[in-house]
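Position in the sequence shown (first residue = 1) + 92 = my numbering.
As structure tokens, the structure follows; a few thoughts come after it.
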Amino acid sequence: MKIKYLEIFVLNDKLDKPFYFSQWSYSERKISLVKLTTDEGIVGWGEGYGPADVLAAGVKLLSQYVIGMNPLDNETIGDVMYRRSLDYARRGILVAATSAIDMAVWDAKGKILNVPVHQLLGGKKRDIITPYATGLYFREEKNLTQALAYEVIEYKELGYKAVEMKVGMTIE
């Protein structure tokens with residue numbers, strides 16, 4: 093079995109209202125998804141974090157070294173990507189691109205072996221996890237405090253027990 097294709101999809105959505113992280117605003121959301129397809133039709137998916145268009149270029153660069161390899165050889169694939177980018181990418185966007193491809197390789201490997209990825213990684217550590225909501229971003233509001241309070245209530249009504257809140261922008 094061999095990796096036949098590595099495709100990158102950049103998904104983009106313009107926001108009705110911009111929101112702010114701790115340091116700057118965003119008026120759109122972008123994400124990079126990697127689709128790995130084997131010569132036997134198995135598909136694995138990965139996700140990349142970072143500037144989506146730049147990450148896509150990193151995936152495109154690294155894909156030339158991965159196509160033709162066996163997705164069961166995930167450690168070798170990871171090593172090849174690491175060595176091919178070692179001289180100029182010990183951190184940053186090519187590490188993120190490597191991670192996105194690696195995730196797709198693990199997903200494909202789990203499907204090939206018909207086991208969940210957590211088993212491939214050494215076993216399930218717990219039966220229940222407690223997810224949390226990520227939100228409470230800064231945004232232009234007449235009364236931001238009230239808007240954030242309503243947002244927290246929405247998360248509570250959805251069943252979340254914890255929220256990751258963004259802080260920063262100014263001392264205030």
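Each residue gets a CB set at the ideal place from its N, CA and C atoms; glycine is no exception.
- Per DSSP, T130 is not a residue of any alpha helix (DSSP H); the beta strand (DSSP E) it occupies stretches across S117 to T130.
- Contact between the region 218–229 and the region 153–166 is absent, with fewer than three C-beta pairs closer than 8 Å.
- DSSP places K152 inside the alpha helix (DSSP H), whose first and last residues are A144 to V158.
- For a cut-off of 8 Å, the C-beta gap from D199 to G138 is around 7 Å, short enough to register as a contact.
- Between K127 and E99 a beta carbon distance of about 4 Å is seen, short of the 8 Å cut, so the two are scored as contacting.
- For L236, the closest alpha carbon among the candidates L212, K258, V146 and H210 is that of K258.
- Segment contact: the region 227–241 against the region 97–112, three or more CB-CB distances shorter than 8 Å; contact assigned.
- Apart from the 5 residues on each side of it in sequence, L107 sits with its Cβ closer than 8 Å to the Cβ of Y118, S119, E120 and R121 in its chain, given in chain order.
- If you ignore the 5 residues before and after T226, its C-beta comes within less than 8 Å of the C-beta of V255 and E256, all in its own chain and listed in chain order.
- In the DSSP assignment, A225 falls within the unbroken beta strand (DSSP E) covering A225 to G227.
- If you look at L178, you'll find it isn't in any beta strand (DSSP E); DSSP assigns it neither H nor E.
- Taking a contact as a CB-CB distance under 8 Å, the pair I95 and P143 does not count as one, their CB atoms being some 25 Å apart.
- Looking at Y242, A189, R182 and K253, the one whose alpha-carbon comes closest to that of P223 is K253.
- Non-local C-beta neighbours of G202 in its own chain, meaning closer than 7 Å and more than five positions away in sequence, comprise P208, V209 and L212, ordered along the chain.
- W116 has its alpha-carbon roughly 19 Å from the corresponding atom of I185.
- The straight-line gap separating the alpha-carbon atoms of R182 and L240 is approximately 39 Å.
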